[in-house]
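Asker: Let me give you the structure first, and then I'll get to my questions.
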Amino acid sequence: MKTIAIANQKGGVGKTASAVSLAAALRTQHRKRVLLCDLDAQANATSWLADNAGENGKSTYDVIMRSASLPDCIVKTKSRIDLLPSNLRTANLDVELLGVIKFHERLSDALSDLPDNAYDYAILDCPPNLSMNTLNAFGAASVVVIPVEVKQEAFDAVSHLMTTLLKVTGGRSTIRPYGLPTFMNRTNLAKDILELMQERFQSLCLPPIHQNTRLAEAFAARKTIFEYDPTSSGAMDYMRATKELVNDLEEAKVRKSLRETAAD
């Protein structure tokens with residue numbers, strides 16, 4: 031199972047929309063088995079897919095506090111994406127995990143306990159800050175997708191996030207950071223920021239997501255963009271970004287296998 035964290039310490043960059051839409055594209059376009067883990071106490075992904083399923087039930091909080099197993103907390107959704115829901119209790123983890131040894135490994139341990147064939151992908155929707163939940167996501171993920179609004183201040187924040195990622199993972203070379211330009215428009219500034227992102231992330235810069243009101247409408251309708259309007263530019267953009275991500279990860283898997291075979 032490939033574990034992908036969707037993270038940015040800056041809010042309002044399309045993080046949850048990207049988490050839900052990437053998960054939906056993996057499920058509908060690539061026929062992958064997907065688990066979406068909502069790690070944000072605001073629970074927007076939970077509201078989007080399961081109408082606040084975690085409000086009075088088991089959630090991310092229970093998994094990380096080890097008061098319930100991950101399979102017992104998973105909710106089936108109408109979008110055929112399995113969901114680990116979140117709720118307001120998730121915010122308490124920042125206090126309750128203080129002083130806990132290896133607290134950042136708890137989500138990784140829970141995901142590792144799942145059967146090998148349970149899921150192809152786990153998507154982790156992180157909160158917009160460096161919380162205990164974000165650190166747990168970084169500890170579990172092999173891939174981090176960083177949605178970046180095509181504005182100067184949003185791009186400037188990427189360096190801080192990358193530094194944090196290196197510190198948290200101990201410079202783990204196996205983690206792959208991808209940039210995902212969001213709210214793309216036709217202004218010269220947006221084009222300049224896109225070029226800066228492509229220079230920064232090189233081949234790991236995914237195709238941009240353009241401004242699209244249908245994504246906001248899809249959230250209001252509690253549907254994925256592929257259910258709400260599969261022909262919209264938002265759906266097409268996330269389809270392209272997901273295809274490039276999947277292809278790159280599959281190629282990386284092949285390259286790793288070839289290296290291991292050569293080493294033998």
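The letter at position 171 of the sequence shown is residue 201 when you use the numbering used here, and the numbering goes up by one with no holes. For every residue, glycine included, the Cβ atom is placed at its ideal position computed from N, Cα and C. Since this is a predicted model, take the numbers as computed values, not measurements.
Is V178 helix, strand or coil when you go by DSSP?
Answerer: strand
Asker: For a test of the three-state rule: what should DSSP assign to R63, helix, strand or coil?
Answerer: coil
Asker: Assuming L154 is part of the beta strand (DSSP E), what are its boundary residues?
Answerer: Y151 to D155
Asker: What do you get for N215, buried or exposed, if any count of 16 or more other CB atoms within 10 angstroms of its CB means buried?
Answerer: exposed
Asker: Would you say the stretch 161-180 touches the stretch 73-82, given that touching needs at least three Cβ pairs under 8 Å?
Answerer: no
Asker: Pick out whichever of I36, P237, S262 and L236 has its Cα sitting closest to the Cα of A246.
Answerer: S262
Asker: Give a yes or no on whether the minimum CB-CB distance between N74 and chain B is below 8 Å.
Answerer: Judged by its chain identifiers, the structure shown contains no chain B, having just a single protein chain.
Asker: Starting from the N-terminal side, write out each stretch of the alpha helix (DSSP H) that is 4 residues or longer and does not extend beyond the stretch 111-144.
Answerer: 123-126 and 136-142
Asker: Take K45 as the anchor and find which of M266, T164 and T194 has the nearest alpha-carbon.
Answerer: T164
Asker: Compute the beta-carbon to beta-carbon distance between R57 and R110, rounded to the nearest angstrom, for a pair I have assumed lies under 8 Å.
Answerer: 6 Å
Asker: Would the beta-carbon of D70 fall within 8 Å of that of S116?
Answerer: In contact: D70 and S116 (Cβ atoms closer than 8 Å).
Asker: Just how far apart, CA to CA, sit V178 and T212?
Answerer: In a straight line, the C-alpha of V178 is about 6 Å away from that of T212.
Asker: Check the C-beta distance from Y258 over to A271 and give it rounded, since I have them as a contact under 8 Å.
Answerer: At roughly 18 Å, the Cβ-Cβ gap does not stay under 8 Å, so Y258 and A271 are not in contact.
Asker: Identify whether L279 lies in helix, strand or coil by the three-state DSSP scheme.
Answerer: helix
Asker: For V50 and T254, I'd like the C-alpha separation in whole angstroms.
Answerer: 7 Å
Asker: Return the CA-CA distance between D68 and C156, expressed in angstroms with no decimal places.
Answerer: 7 Å
Asker: If you draw a straight line from the C-alpha of A152 to the C-alpha of L66, how long is it?
Answerer: For A152 and L66, the distance between alpha carbons rounds to 6 Å.
Asker: Closer than 6 Å by C-beta to L113: which residues in its own chain qualify, once you throw out the five before and the five after it? Chain order, please.
Answerer: L66, L79, A80, V105 and T107
Asker: Got a sec, what are the start and stop residues for the beta strand (DSSP E) R216 sits in?
Answerer: Unbroken run through R216: none, as it is neither H nor E.
Asker: Could you pull out every residue in the same chain whose Cβ sits closer than 7 Å to the Cβ of V43, ignoring the five residues on either side in sequence?
Answerer: Once the five neighbours on either side are set aside, the close Cβ partners of V43 are P177, V178, E179, A184 and T212.
Asker: What are the boundary residues of the beta strand (DSSP E) that R206 is part of?
Answerer: Start and end: R206 to T212.
Asker: Buried or exposed: where does G209 fall if 16 or more other Cβ atoms within 10 Å of its Cβ makes it buried?
Answerer: buried
Asker: Measuring only the C-alpha atoms, how far is M31 from V173?
Answerer: 11 Å
Asker: Under the three-state reduction of DSSP, which class applies to I239: helix, strand or coil?
Answerer: I239: coil per DSSP, three-state reduction.
Asker: Under 8 Å, do I239 and Q182 count as touching if we go by C-beta distance?
Answerer: Against a cut-off of 8 Å, the Cβ pair of Q182 and I239 comes out as no contact.
Asker: How would you write the range of the beta strand (DSSP E) that T33 sits in, first residue to last?
Answerer: K32 to I36
Asker: What does the alpha-carbon distance come out to for the pair R63 and L219?
Answerer: 38 Å
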